[in-house]
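*Asks:* Protein sequence lines correspond, in order, to chains Y and L.
Residue numbering for the first sequence is 130 to 565, as defined by the numbering used here.
Residue numbering for the second sequence is 418 to 577, as defined by the numbering used here.
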Amino acid sequence: MSVAAERELGLSGARSERWAPALAALLAVLLVAATAEIVLDGAVGHSPLIPKSPEIAGWLQGIGERLGYRVFLIAILVFAGAYAGMLALARGITKRSAIILIGALHALVFAGPILLSTDVFSYIAYARMGIEHGINPYTHGPIAIVRDPVYRYVGQDWKHVATAYGPLYTLLSYPLAPLGVKGALWGMKLVAQLASIGTLVLTWRCARARDLNPVTAILVVGANPLYVIYGLGGAHNDLIMLLLMMAAVSLTLAGRDAAAAASVLAGALVKATVAVLLPFMILARRSRAQILGGAAALALGALIGYAAFGVHGIDVVAALNRDAAFVSTDSFPTEIAHLFGKPGVFPVDHDLLKVALVLIAAYLLWRTWRGYDWVAASGWMLLAITVTSTWLLAWYILWPLPLAVIARDRRLLAATLTVQALFIAHQTTPLFAPVS
Amino acid sequence: MSDASSQLAGGFSARLPVSLRPRDEELLRDGRRRLIETTLLLLAGLVLAIATVNDVVLQTHVNHRLVADLRTWRAYTGHDYRNLSVEQDLYGHTTREVVCGNTTPGPPKERVQLCLVITGPVSHGRRAARGGWYLPPRSEDLRPVRYACFGSATTLALCP
Chain Y
130 MSVAAERELG
140 LSGARSERWA
150 PALAALLAVL
160 LVAATAEIVL
170 DGAVGHSPLI
180 PKSPEIAGWL
190 QGIGERLGYR
200 VFLIAILVFA
210 GAYAGMLALA
220 RGITKRSAII
230 LIGALHALVF
240 AGPILLSTDV
250 FSYIAYARMG
260 IEHGINPYTH
270 GPIAIVRDPV
280 YRYVGQDWKH
290 VATAYGPLYT
300 LLSYPLAPLG
310 VKGALWGMKL
320 VAQLASIGTL
330 VLTWRCARAR
340 DLNPVTAILV
350 VGANPLYVIY
360 GLGGAHNDLI
370 MLLLMMAAVS
380 LTLAGRDAAA
390 AASVLAGALV
400 KATVAVLLPF
410 MILARRSRAQ
420 ILGGAAALAL
430 GALIGYAAFG
440 VHGIDVVAAL
450 NRDAAFVSTD
460 SFPTEIAHLF
470 GKPGVFPVDH
480 DLLKVALVLI
490 AAYLLWRTWR
500 GYDWVAASGW
510 MLLAITVTST
520 WLLAWYILWP
530 LPLAVIARDR
540 RLLAATLTVQ
550 ALFIAHQTTP
560 LFAPVS
Chain L
418 MSDASSQLAG
428 GFSARLPVSL
438 RPRDEELLRD
448 GRRRLIETTL
458 LLLAGLVLAI
468 ATVNDVVLQT
478 HVNHRLVADL
488 RTWRAYTGHD
498 YRNLSVEQDL
508 YGHTTREVVC
518 GNTTPGPPKE
528 RVQLCLVITG
538 PVSHGRRAAR
548 GGWYLPPRSE
558 DLRPVRYACF
568 GSATTLALCP
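1. DSSP three-state call for Ala-620 of chain Y: helix, strand or coil?
2. Taking 9 Å as the threshold (beta carbon to beta carbon), is Ala-544 of chain Y in contact with chain L?
3. Taking the beta strand (DSSP E) that Asn-519 of chain L belongs to, which residues open and close that run?
4. Does the region 462-472 of chain L come into contact with the region 462-469 of chain Y, if we say contact requires no fewer than three beta-carbon pairs (one atom in each stretch) closer than 8 Å?
5. From Thr-223 of chain Y to Leu-237 of chain Y, what does the alpha carbon distance come to, in whole angstroms?
6. Taking one C-beta from the region 390-408 of chain Y and one from the region 479-486 of chain Y each time, how about it: are there three or more such pairs within less than 8 Å?
7. Check whether the Cβ atoms of Ile-358 of chain Y and Ile-229 of chain Y lie closer than 9 Å to each other.
8. Could you list the residues in the region 467-493 of chain L with a C-beta less than 7 Å from some C-beta on chain Y, going in chain order?
9. When the Cα of Ala-346 of chain Y is compared with those of Y:Leu-432, Y:Tyr-356, Y:Thr-332, which residue comes out closest?
10. Once the 5 residues before and after Ala-554 of chain Y are set aside, which same chain residues still bring their CB inside 7 Å of it?
11. Mind checking whether Gln-476 of chain L and Ala-562 of chain Y have CB atoms under 9 Å apart?
12. Using 8 Å as the threshold, is the region 250-269 of chain Y in touch with the region 424-444 of chain Y, meaning 3 or more CB pairs across them?
13. Would you report the Cα separation of Asp-486 of chain L and Gly-549 of chain L, rounded to the nearest angstrom?
14. Around the C-beta of His-541 of chain L, are 16 or more other C-beta atoms found within 10 angstroms, so that it is buried, or is it exposed?
15. Just the chain L side, please: which residues come within less than 7 Å of Ala-554 of chain Y by C-beta, in chain order?
16. What does His-467 of chain Y reach in chain L if we use C-beta pairs closer than 8 Å?
17. Note down, in chain order, each residue of its chain lying with its Cβ closer than 6 Å to the Cβ of Cys-517 of chain L, except the 5 sequence neighbours on either side.
18. Could you say which of Y:Phe-461, Y:Arg-496, Y:Ala-149, Y:Tyr-303 lies nearest to Arg-451 of chain L if we only look at CA atoms?
19. Inspect the beta-carbon positions of Trp-503 of chain Y and Phe-409 of chain Y and report whether they are closer than 9 Å.
20. Which bits of chain Y does Arg-555 of chain L rub up against, with CB to CB less than 9 Å?
21. Alpha carbon to alpha carbon, how far is Ala-543 of chain Y from Leu-140 of chain Y? Give it in angstroms, no decimals.
22. Grouping DSSP H, G and I as helix and E and B as strand, with all else coil, what is Glu-527 of chain L?
23. Does the region 384-394 of chain Y come within contact of the region 410-425 of chain Y, defined as at least 3 CB pairs closer than 8 Å?
24. With burial defined as no fewer than 16 other Cβ atoms inside 10 Å of the residue's Cβ, what is the status of Ala-153 of chain Y: buried or exposed?
25. I'd like to confirm the pairing. Which residues does DSSP put opposite Glu-194 of chain Y in its beta bridges?
26. Who pairs with Gln-556 of chain Y in a beta bridge, going by DSSP?
27. Going along chain L, which residues have a C-beta under 7 Å from Thr-558 of chain Y?
28. At the level of alpha carbons, what is the spacing between Leu-427 of chain Y and Ala-418 of chain Y?
29. Indicate whether at least one CB of chain L lies closer than 9 Å to the CB of Phe-475 of chain Y.
30. Please confirm if Gly-462 of chain L has its CB atom under 9 Å from at least one CB of chain Y.
31. Using a cut-off of 9 Å between C-beta atoms, extract the partners of Thr-375 of chain L located in chain Y.
32. Between which two residues does the alpha helix (DSSP H) harbouring Ala-227 of chain Y extend?
33. My output table needs one value for Thr-511 of chain L: the three-state DSSP class, helix, strand or coil.
34. Could you please give me the residues that DSSP links to Val-503 of chain L through a beta bridge?
35. Please list, in chain order, the residues of the region 448-465 of chain Y that have any C-beta partner in chain L closer than 7 Å.
36. Name the residue from Y:Thr-463, Y:Gly-191, Y:Gly-295, Y:Arg-414 whose alpha carbon lies nearest to the alpha carbon of Tyr-435 of chain Y.
Here it is as structure tokens:
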């Protein structure tokens, strides 16, 4: 390369470096503005995107307008675009700026209404069933407490459905039950925020332990549109599962195998999916402490679950089988069925998907045995579960994200973000043909 | 903090035969295998992307048709009601839809309902209502409860 060309490159590099902070600041403003638009418009209520809820964001009313699909989708697309730009510039962003941005996004969502999902009301209903009514949430659906004030907020599809969450989560939610519906709702929102902060702190630690840029790592997770709007906005318990998953990774990286295995098991007693990490972790480390720690945690968890809820409280397989039979319009198998001219997925498709998942698991386990990064393998497994699931919800695609940012295989992050982008793209139909 | 997982674990795993011990690096970093994996991932991504775009296009057409169906029902009945229910013919692969709504003001399905069978292409924002039936209050659109069928609903034997 000639000296002139090098000088030109250097100059343009310096120029882009000068512009990068200003561009990053602009993108940060867009992220905050898109979130504020959704939260403030959502606070007005009477929107198909905001579940029926006790008034918790009334003080924000009067600023925005009723949240419609069009505004919501434009805001999400702006958010996603700004997020992509932010990731491209992440190397130049300071730790302080990243924390301020993520803090602002968290605070906005915390102040606003519950977004996009009625799940949090199911969590509260199950807690109130156990504490206020003495009914086992593993044997009855919220229909059993039809006179309870939370019942009217539970999603129509879930009124007859017993809880599918682990006994640890159900017990953790019990202290919120006596606070009333509003109090419990704030409690759930606070728990989601704390779990998210914990997840981000652990993501930071893991990234540093693996000589990766921790600022980029927390931006990828904490400023992600699905994480902020769908995950935090809906106060989903997936955030608690992610916290325990990242605790397990962090403990493994610190060489504390027994505690790491116990953490995965604790996560699985919140939401069973995270248990897929365990075989990869065990194959990678081959440590007796890990097996003993996992076995002890499993025995303790099963004992507590059984004591609190009977045999139904520990029958995770039944709950997983039930959920695996559900079908959502956003799932990739449904989209592929449509592509081939079928109206949707059939029982045989469920079986084919299960076979595919088993083959993927076997391949990843074999790779891990031969020394492939177990964090990446676990992330691929979680991603495969979301892609092959016929019941796909936005917050499920968050599962592999914290692992993807700290994995040694960068293809995992690209694949996870691509799947998320496709999910968002699939939501955009009402932009092209709104239904009145 | 150092990445302890990248170091060989001591104790139990140190006593394992060499071939069974955990590895710091993957055996035989095979460039060809990575290429195959990446190609498969790209192909999978491509299929998912095509399926997503196809679904968005399909859904856009459906939405376009549903808007026309709702307009048709409102124009046919002269009622500007919002709470209408639309049922698609998912299994027959036709674009025939049935739109039901109250005949007098009231909560959804709480009054006598009029259902219209709507078919054909969208023209001037509407489609053709070829027939229909009535439903008693507080009932779902099930064949045994349909009455006073007219038009194509009679010829297609959609009523009891």
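From the three backbone atoms N, C-alpha and C, an ideal C-beta is built for every residue, glycine too.
*Replies:* Taking the definition as stated:
1. Lying outside 130 to 565, the shown extent of chain Y, residue 620 of chain Y is not represented and no answer is given.
2. Interface flag for Ala-544 of chain Y against chain L is set, since a Cβ pair is found closer than 9 Å.
3. Residues 514-519.
4. Taking 8 Å as the limit for Cβ pairs, the verdict is that the region 462-469 of chain Y does touch the region 462-472 of chain L.
5. Between Thr-223 of chain Y and Leu-237 of chain Y, the alpha-carbon positions lie close to 21 Å from each other.
6. Flag = no, the region 390-408 of chain Y and the region 479-486 of chain Y do not touch.
7. Against a cut-off of 9 Å, the Cβ pair of Ile-229 of chain Y and Ile-358 of chain Y comes out as no contact.
8. So the close ones are Ile-467, Ala-468, Thr-469, Asn-471, Asp-472, Val-473, Leu-475, Gln-476, Thr-477, Asn-480, His-481, Leu-483, Val-484, Leu-487.
9. For Ala-346 of chain Y, the closest alpha carbon among the candidates Y:Leu-432, Y:Tyr-356, Y:Thr-332 is that of Y:Thr-332.
10. No residues qualify anywhere along the chain.
11. In this structure, the beta-carbon distance from Gln-476 of chain L to Ala-562 of chain Y falls below 9 Å.
12. Yes, since at least three Cβ pairs between the region 250-269 of chain Y and the region 424-444 of chain Y fall closer than 8 Å, the two stretches touch.
13. CA-CA distance, Asp-486 of chain L to Gly-549 of chain L, rounds to 13 Å.
14. With a 10 Å radius around the Cβ and a threshold of 16 neighbouring Cβ atoms, His-541 of chain L comes out exposed.
15. Think of a sphere of 7 Å around the beta carbon of Ala-554 of chain Y: the chain L residues whose beta carbon falls inside it are Thr-469, Val-473, in chain order.
16. For a Cβ distance threshold of 8 Å, residue set Ala-468, Asn-471, Asp-472, Leu-475 of chain L lies close to His-467 of chain Y, ordered along the chain.
17. Once the five neighbours on either side are set aside, the close Cβ partners of Cys-517 of chain L are Ser-502, Gln-530, Cys-532, Asp-558.
18. Out of Y:Phe-461, Y:Arg-496, Y:Ala-149, Y:Tyr-303, Y:Arg-496 has the C-alpha closest to the C-alpha of Arg-451 of chain L.
19. The answer is yes: Cβ separation under 9 Å.
20. Result: empty, since nearest Cβ-Cβ is about 17 Å, beyond 9 Å.
21. Caution is warranted here: a pLDDT of 47 is assigned to Leu-140 of chain Y, below 50, making its placement in the model unreliable, and the coordinate value is therefore given only provisionally. Roughly 30 Å separates the two Cα atoms.
22. Coil at Glu-527 of chain L, not helix or strand.
23. They touch, by the three-pair rule.
24. By the neighbour-count criterion, in which a residue is buried when 16 or more other Cβ atoms sit within 10 angstroms of its Cβ, Ala-153 of chain Y is buried.
25. Secondary-structure assignment with DSSP links Glu-194 of chain Y through no beta bridge to anything.
26. DSSP lists no partner for Gln-556 of chain Y.
27. The answer, in chain order, is Val-473, Gln-476, Thr-477, Asn-480.
28. The alpha-carbon atoms of Leu-427 of chain Y and Ala-418 of chain Y are separated by roughly 14 Å.
29. By this cut-off, Phe-475 of chain Y is not an interface position.
30. Answer yes: the Cβ-Cβ gap between Gly-462 of chain L and chain Y drops below 9 Å somewhere.
31. A query on residue 375 of chain L cannot be resolved here, the shown segment of chain L reaching from 418 to 577 and no further.
32. Note, Ala-227 of chain Y: alpha helix (DSSP H), 224-240.
33. Note: Thr-511 of chain L maps to coil in three-state DSSP.
34. Note: Val-503 of chain L sits in a beta bridge opposite L:Val-516.
35. Hits within the stretch, in order: Phe-461, Glu-464, Ile-465.
36. Among Y:Thr-463, Y:Gly-191, Y:Gly-295, Y:Arg-414, the Cα nearest to that of Tyr-435 of chain Y is on Y:Gly-295.
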